[in-house]
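Trainee:
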Amino acid sequence: MGEEGQRKLLASSAVIVGCGAIGASAAQLLARAGVGRLRVIDRDFVEPSNLQRQALFDENDAREALPKAAAAERKLRLLNSEIEIDGVVSDVRPENIHETLSGFDLILDGTDNFETRFLLNDFAVGQARPWIYAAAVGSYGLTFAIRPEITACLVCLLETPDGRPDAGPIADETCDTVGVLGPIVSLIASLEVAEALKILSGNTEALHGRLLSCDVWSGRMQSIAMSRNPRCRACVRHEYSYLTGESQPHITMCGRDSVQIHERRRALDLGVVAGKLSGAGIQVKKNDFLLKFAVPPYEMTVFGDGRAILKGSTEPAVARSLYARYIGA
Ligand SMILES: [Zn+2]
């Protein structure tokens, strides 16, 4: 990369959407490499079950139930104090994607769902920004760097002619059913960041332009040339349906018996809510970002932006009714 590449890296910026397993590993590599401005966006908080594969977090973060974006920001600052880092506790949706992702040279996929990935694709292609797709489940993972107008995009790769995503095994099996093995996470994050560093340091001629897939259990590795779909909805016809469509709240939480709801579109005063719950005899745990309380067999976590994650059920209806009862409309 040389001195000039390193200087370009320091002048560059990247945003990582989702700071779970792959996102946390990628963020760490980018911060250590000296990317000048990093933003990490995540909607979730750290739990003990994350620690097996999520490199940036520790038992203290889980005990405090810190949002992953806040815990990541703190850790990344310790790794490199010479770069700008900000953690954003939020769910990327059509309504806030411009506000949260604009102005960055590169977008990296750290998400756990295809709804958000297609949204990222539509945004990046529309803005002519590169982004890197990365996903892992079980012992298998894959990654592909997308450069609008040059390479295929995610829609070229995955969308069927009738507009439905067909992501194959990666979508059929989720972290809920098979889990994710730590080593595949590090491997995919490393492959993703290698391409990121080439883009950000101005070495685009070094990009391999291939979809890489690996299975650390079977030892099968593939490197596949992907061509653009000449009728692609996104990168050829410029129809960005995920950007214009009504947002679907991302209600399932990967790998947990939990569901997220996000219906109230305004901020909550967590102090007021905590007071109300305590007054009703409910024990509340609170930090600067969220509050948690238990209504056995459920546990609800409520964020300042009004979102809530209910543990103990995957039924949005259960979450909605508890939210209405304990937080209010
Ligand atoms: Zn395309």
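Anchor point for the sequence shown: position 7 equals 208 in the working numbering, and the numbering is continuous, going up by one each time.
From the three backbone atoms N, C-alpha and C, an ideal C-beta is built for every residue, glycine too.
A quick note: this is a predicted structure, and the numbers were derived from the prediction, not measured.
#1: Mind pulling the beta strand (DSSP E) runs of 3 or more residues that sit fully within the region 481-526?
#2: Have a look at Val169 and Phe319 and give me their C-alpha separation to the nearest angstrom.
#3: What three-state label does DSSP hand Asp259 in the structure shown?
#4: Using the DSSP secondary-structure output, state which residues sit across from Glu285 in a beta bridge.
#5: Tell me whether the region 241-255 and the region 379-392 touch, counting them as touching only if at least three CB pairs, one residue from each stretch, are closer than 8 Å.
#6: For Lys487, which residues from the same chain have a beta carbon less than 7 Å from its beta carbon, with the 5 sequence-adjacent residues on both sides left out?
#7: Could you check whether Val293 and Ile242 sit closer than 8 Å to each other, using their CB atoms as the reference points?
#8: Indicate whether the contact test is met: 3 or more Cβ pairs, each with one atom in the region 427-446 and one in the region 228-248, closer than 8 Å.
#9: Compute every distance between the C-beta of Val394 and the non-hydrogen atoms of ligand 1, then say whether any falls below 7 Å.
#10: Could you check the C-alpha separation between Ser479 and Asp458 for me, to the nearest Å?
#11: How far does the alpha helix (DSSP H) with Tyr443 in it reach, from first residue to last?
#12: State the Cα-Cα distance for the pair Pro497 and Ser522, rounded to the nearest angstrom.
#13: May I have a chain-ordered list of the alpha helix (DSSP H) segments no shorter than 4 residues that lie completely inside the region 296-369?
#14: Where do the N-terminal and C-terminal ends of the beta strand (DSSP E) with Arg411 fall, by residue?
#15: What number of angstroms, rounded off, separates the C-alpha of Ser402 from the C-alpha of Val394?
#16: Using beta-carbon positions only, say whether Val218 and Phe504 come within less than 8 Å of one another.
#17: Whole angstroms are fine: how far does the CA of Gly420 sit from the CA of Asp259?
#18: Can you tell which of Leu321, Ile286, Val473, Lys209 has its C-alpha closest to the C-alpha of Tyr443?
#19: Is Arg318 a contact residue of ligand 1, with contact defined as CB to any heavy atom under 7 Å?
#20: Decide if Asn251 is buried, meaning its Cβ has at least 16 other Cβ atoms within 10 Å, or exposed.
#21: Any Cβ of chain B within less than 8 Å of the Cβ of Val381?
#22: Report, in whole angstroms, the separation of the C-beta atoms of Ile308 and Val216, which I expect to be a contact under 8 Å.
#23: So the alpha helix (DSSP H) Ser459 belongs to, where does it begin and stop?
#24: Pick helix, strand or coil for Pro268, following the three-state DSSP scheme.
#25: Go ahead and label Leu279 buried or exposed: buried means 16 or more other beta carbons lie within 10 angstroms of its beta carbon, across all protein chains shown.
#26: Going by DSSP, what residues sit across from Ala426 in a beta bridge?
#27: Where does Ser402 sit, in a helix, a strand or coil, going by DSSP?
#28: Could you name the residues of the same chain whose beta carbon sits closer than 7 Å to that of Ser213, not counting the 5 residues immediately before and after it, in chain order?
#29: So what's Ile223 in DSSP terms, helix, strand or just coil?
#30: Which value, in whole angstroms, describes the spacing of the CA atoms of Ala270 and Gly288?
#31: Quick check on the DSSP output: the alpha helix (DSSP H) that includes Glu205 runs from which residue to which?
#32: Look at Ile223 and Ala337 and say whether their C-beta atoms are less than 8 Å apart.
Mentor: In terms of the structure at hand:
#1: 485-487, 491-496, 499-504, 509-512
#2: Because the chain is modelled from 202 through 530, residue 169 falls outside the range shown and cannot be assessed.
#3: For the purposes of this step, residue 259 is taken as the residue at position 58 of the sequence shown. Note: Asp259 maps to coil in three-state DSSP.
#4: As a first step, residue 285 is located in the sequence shown; it is residue number 84 there, counting from the start. Glu285 pairs with Arg238.
#5: yes
#6: What you label residue 487 is simply residue 286 of the sequence shown in a count that begins at 1. Only Leu471, Ala475 meet the Cβ criterion.
#7: Within the sequence shown, numbered from 1, the residue matching residue 242 stands at position 41. Within the sequence shown, numbered from 1, the residue matching residue 293 stands at position 92. Cβ atoms of Ile242 and Val293: closer than 8 Å.
#8: They do not touch, by the three-pair rule.
#9: Along the sequence shown, read from residue 1 onward, the residue named residue 394 stands at position 193. Flag unset: Cβ of Val394 not near ligand 1.
#10: In the sequence shown, counting from the first residue as 1, residue 479 sits at position 278. In the sequence shown, counting from the first residue as 1, residue 458 sits at position 257. When rounded, the separation of the alpha-carbon atoms in Ser479 and Asp458 is 26 Å.
#11: Counted from its first residue, the sequence shown places residue 443 at position 242. Under the DSSP assignment, Tyr443 falls in the alpha helix (DSSP H) whose first and last residues are 442-445.
#12: Working through the sequence shown from its first residue, we reach residue 497 at position 296. Working through the sequence shown from its first residue, we reach residue 522 at position 321. Roughly 14 Å separates the two Cα atoms.
#13: You should have 298-302, 315-328, 355-359.
#14: Here residue 411 corresponds to residue number 210 of the sequence shown, with the count starting at 1. Arg411 -> beta strand (DSSP E) spans 411-416.
#15: As a working mapping, residue 402 is identified with position 201 in the sequence shown. As a working mapping, residue 394 is identified with position 193 in the sequence shown. For Ser402 and Val394, the distance between alpha carbons rounds to 12 Å.
#16: In the sequence shown, the residue the question calls residue 218 occupies position 17. In the sequence shown, the residue the question calls residue 504 occupies position 303. Their beta carbons are not under 8 Å apart, which means Val218 does not touch Phe504 by this criterion.
#17: On the sequence shown, position 58 is the one that residue 259 refers to. On the sequence shown, position 219 is the one that residue 420 refers to. The alpha-carbon atoms of Asp259 and Gly420 are separated by roughly 30 Å.
#18: As a position in the sequence shown, residue 443 is number 242, starting the count at 1. Among Leu321, Ile286, Val473, Lys209, the Cα nearest to that of Tyr443 is on Leu321.
#19: The residue given as residue 318 occupies position 117 in the sequence shown. The answer is no for Arg318.
#20: Indexing the sequence shown from 1 puts residue 251 at position 50. Per the 10 Å Cβ criterion, buried.
#21: Judged by its chain identifiers, the structure shown contains no chain B, having just a single protein chain.
#22: Sequence index remark: in the sequence shown, residue 308 carries index 107 (1-based). Sequence index remark: in the sequence shown, residue 216 carries index 15 (1-based). Yes, they are in contact, since the Cβ atoms of Ile308 and Val216 sit about 6 Å apart, within 8 Å.
#23: Reading the sequence shown from its first residue, position 258 is the one you call residue 459. According to the DSSP assignment, Ser459 belongs to no alpha helix (DSSP H) but to the beta strand (DSSP E) extending over 459-462.
#24: Within the sequence shown, the letter at position 67 stands for residue 268. If DSSP states are grouped into helix, strand and coil, Pro268 belongs with the strands.
#25: Here residue 279 refers to the residue found at position 78 when the sequence shown is read from its first residue. Leu279 is exposed by the Cβ-count criterion.
#26: Within the sequence shown, residue 426 is the residue found at index 225, counting from 1. Partner(s): Arg411.
#27: Within the sequence shown, residue 402 is the residue found at index 201, counting from 1. Residue state, collapsed to three classes: coil.
#28: Mapped onto the sequence shown, residue 213 falls at position 12. The answer, listed in chain order, is Val236, Gly237, Asp306, Leu401.
#29: To locate residue 223, count along the sequence shown from 1; it is residue 22. Reduced to three states, the DSSP call for Ile223 is helix.
#30: Residue numbering aside, residue 270 sits at position 69 when the sequence shown is read from its first letter. Residue numbering aside, residue 288 sits at position 87 when the sequence shown is read from its first letter. For Ala270 and Gly288, the distance between alpha carbons rounds to 5 Å.
#31: As a working note, residue 205 is residue 4 in the sequence shown. Unbroken alpha helix (DSSP H) run through Glu205: 203-211.
#32: Mapped onto the sequence shown, residue 223 falls at position 22. Mapped onto the sequence shown, residue 337 falls at position 136. In contact: Ile223 and Ala337 (Cβ atoms closer than 8 Å).
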